[in-house]
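Residue numbers (our numbering): 113 to 494.
Below is one structure, written out as structure tokens; comments come after it.
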């Protein structure tokens, strides 16, 4: 009996981990979304006509920017909606389980086994969906990686044209990549769990890291200027300020490298943003695979529970196992369902697009306001 009871508790524990994995995947998908929207707002490159080599390079860069726009448009229209379905799958599963638990102890053994088998079949269905999501995001990630590579190569080629310092360019690339990585992992580093975030609200702001003069024209660096803000959680103001500081660091890095041409710095920031997009997509794909694995584990435990009930020789033992499962599952079912409902609120974040403003200023402007606002008062817009 003790071993079977432990297995029941482990089944419920794995369900909690499943909900957490689905919530984490949703937040990581929002990170991909904020990068994708920023890419769509990046102005075309115009390096003037004084240098034919730069003019031709601008043409190639704009062709690559169009490719990146097609990739993110496909992601936002086709992949992101499917990715977000992982949350509704989890909600449907726990709602079904809630109904099963309500009558599991009072029904005949054969009926109870059939109900648990229904839950197990659902885990297989949702596992297949999570696996498909992971593969689709992985395809997008490969495209984003190619876009980032092309922009980085363009920056290097232009640097050669103008006899720029390759050492300085490499330093700038490495420093920007490091800050971008910190931005990508900001909310994780702040110790905020996805299910806790679910009780709050999400806002994507699209500003610019800075404005650079290219070909005599002012061009905003927008690809790396998208930010994800999360409100309604403890310490959101402090973490928002920390996020603004990271974008200020990016701006400072671009300004400090005075010996590099503005065109080179613009493309370097774009390539860094696209690399961040690739990294965010990879994280979302990995988390979707984690959700798939979690569904498999939960399904395996449910199949084992069903087998235990089916093989039970003592009716009182079988009834005790059912009772323990119901009592254990109910201990955190309400919290899990509330957390997932909160996560669902994040699925359509409000979006503010102001590329003429600096991202760090936008973050500070909206963080205090987000902390005061309630999810039900949000006017959500895609």
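Every residue gets a Cβ at the ideal spot worked out from N, C-alpha and C, and that includes glycine.
Assumed close pair residue 217, residue 414 - CB separation to whole angstroms, cut-off 8 angstroms:
17 angstroms between Cβ atoms; not a contact.
Cβ pair residue 319, residue 146 closer than 8 angstroms
Going by C-beta atoms, residue 319 is not nearer than 8 angstroms to residue 146.
Residues near residue 269 in its chain [Cβ-Cβ closer than 8 angstroms; skip 5 each side]:
Listed in chain order, the non-local C-beta contacts of residue 269 below 8 angstroms within the same chain comprise 169, local neighbours out to five positions each way being set aside.
What do you reckon, are the CB atoms on residue 383 and residue 260 nearer than 8 angstroms?
Taking 8 angstroms as the cut-off, the beta carbon of residue 383 is found closer than this to the beta carbon of residue 260.
Assuming residue 252 and residue 441 form a contact by the criterion Cβ under 8 angstroms, report the distance between their Cβ atoms to the nearest whole angstrom.
Under the criterion of beta carbons closer than 8 angstroms, residue 252 and residue 441 do not qualify as touching, at roughly 36 angstroms.
Would you report the Cα separation of residue 290 and residue 337, rounded to the nearest angstrom?
Approximately 15 angstroms between the Cα atoms of the pair.
Report the option in 354, 193, 231, 135 whose CA atom is closest to the CA atom of residue 409.
If we check each option's Cα against that of residue 409, 231 comes out closest.
My understanding is that residue 284 touches residue 372, with C-beta atoms under 8 angstroms, so please give their C-beta distance in whole angstroms.
Separation of the CB atoms of residue 284 and residue 372 is rounded to 7 angstroms, and the pair is thereby assigned contact status at 8 angstroms.
What residue range does the beta strand (DSSP E) around residue 221 cover?
Taken as a continuous stretch (DSSP letters only), residue 221 belongs to no beta strand (DSSP E), being part of the alpha helix (DSSP H) at 221-273.
Can we count residue 138 as close to the ligand ATP, meaning its CB is less than 7 angstroms from some heavy atom?
The ligand ATP is not among the ligands present in this structure, which contains no ligands whatsoever.
If you draw a straight line from the C-alpha of residue 224 to the C-alpha of residue 433, how long is it?
Looking at the backbone, the Cα of residue 224 and that of residue 433 are separated by about 11 angstroms.
Residue 245 versus residue 239: straight-line alpha-carbon distance, rounded
If you take the alpha carbons of residue 245 and residue 239, they lie about 10 angstroms apart.
Could you please give me the residues that DSSP links to residue 470 through a beta bridge?
DSSP, once it has assigned bridges, lists 320 as partnering residue 470.
Between residue 407 and the rest of its own chain, which residues show a CB-CB distance below 8 angstroms, the 5 nearest in sequence each way excluded?
Answer for residue 407: 130, 235, 236, 238, 239, 242, listed in chain order.
According to DSSP, is residue 337 part of a helix, a strand, or is it coil?
It is coil, neither helix nor strand.
Does the segment 352-370 come into contact with the segment 206-216, if we say contact requires no fewer than three beta-carbon pairs (one atom in each stretch) closer than 8 angstroms?
The segment 352-370, when compared against the segment 206-216, does not touch it at the 8 angstroms Cβ threshold.
Could you tell me whether the segment 423-438 touches the segment 156-167, where touching means 3 or more Cβ pairs closer than 8 angstroms?
The segment 423-438 makes no contact with the segment 156-167: fewer than 3 CB pairs, one atom from each, lie closer than 8 angstroms.
Close-in-space but distant-in-sequence residues of the same chain around residue 210 (CB under 8 angstroms, 5 per side omitted)
Around residue 210: 445, 449.
Looking at C-beta atoms only, is the number of pairs between the segment 151-159 and the segment 175-190 that lie closer than 8 angstroms three or more?
With the cut-off at 8 angstroms, the segment 151-159 and the segment 175-190 touch.
Contact check, residue 324 vs residue 272 under 8 angstroms by CB: the rounded distance?
Not confirmed; about 19 angstroms, so no contact.
Do residue 135 and residue 455 have their beta-carbon atoms positioned less than 8 angstroms apart in this structure?
For the pair residue 455 and residue 135, the CB atoms are nearer than the 8 angstroms cut-off.
My output table needs one value for residue 161: the three-state DSSP class, helix, strand or coil.
In this structure, residue 161 counts as coil in the three-state DSSP scheme.
Per DSSP, what kind of secondary structure is residue 217 in: helix, strand or coil?
The answer is coil: DSSP assigns residue 217 none of H, G, I, E or B.
To the nearest angstrom, how far is it from the Cα of residue 369 to the Cα of residue 120?
Going by the C-alpha atoms only, they are around 60 angstroms apart.
Beta-ladder partner(s) of residue 462, from DSSP:
Residue 462 is bridged to 315.
Would residue 365 and residue 341 qualify as a contact pair, given that the criterion is a beta-carbon distance under 8 angstroms?
Remark: C-beta atoms of residue 365 and residue 341 do not approach each other more closely than 8 angstroms.
Rounded C-beta distance between residue 162 and residue 332? I'm assuming under 8 angstroms.
A Cβ-Cβ distance of about 22 angstroms is found for the pair residue 162 and residue 332, leaving them out of contact under the 8 angstroms criterion.
Simplified DSSP state of residue 204, which is helix, strand or coil:
When secondary structure is reduced to three states using DSSP, residue 204 falls in the helix class.
From this set, 144, 417, 183, which residue's C-alpha is nearest residue 118's C-alpha?
If we check each option's Cα against that of residue 118, 417 comes out closest.
DSSP on residue 370, reduced to helix/strand/coil?
The answer is coil: DSSP assigns residue 370 none of H, G, I, E or B.
Could you pull the DSSP bridge partners for residue 117 from this structure?
DSSP output for residue 117 lists no bridge partner at all.
Can you give me the Cβ contacts of residue 262 inside the same chain, cut-off strictly under 7 angstroms, excluding the 5 residues immediately before and after it?
Setting aside the 5 residues that flank it on each side, residue 262 is surrounded in the same chain by 176, each with a C-beta closer than 7 angstroms to its C-beta; the list follows chain order.
Would DSSP call residue 356 helix, strand or coil?
Secondary structure of residue 356 (DSSP, three-state): helix.
Would DSSP call residue 424 helix, strand or coil?
In this structure, residue 424 counts as coil in the three-state DSSP scheme.
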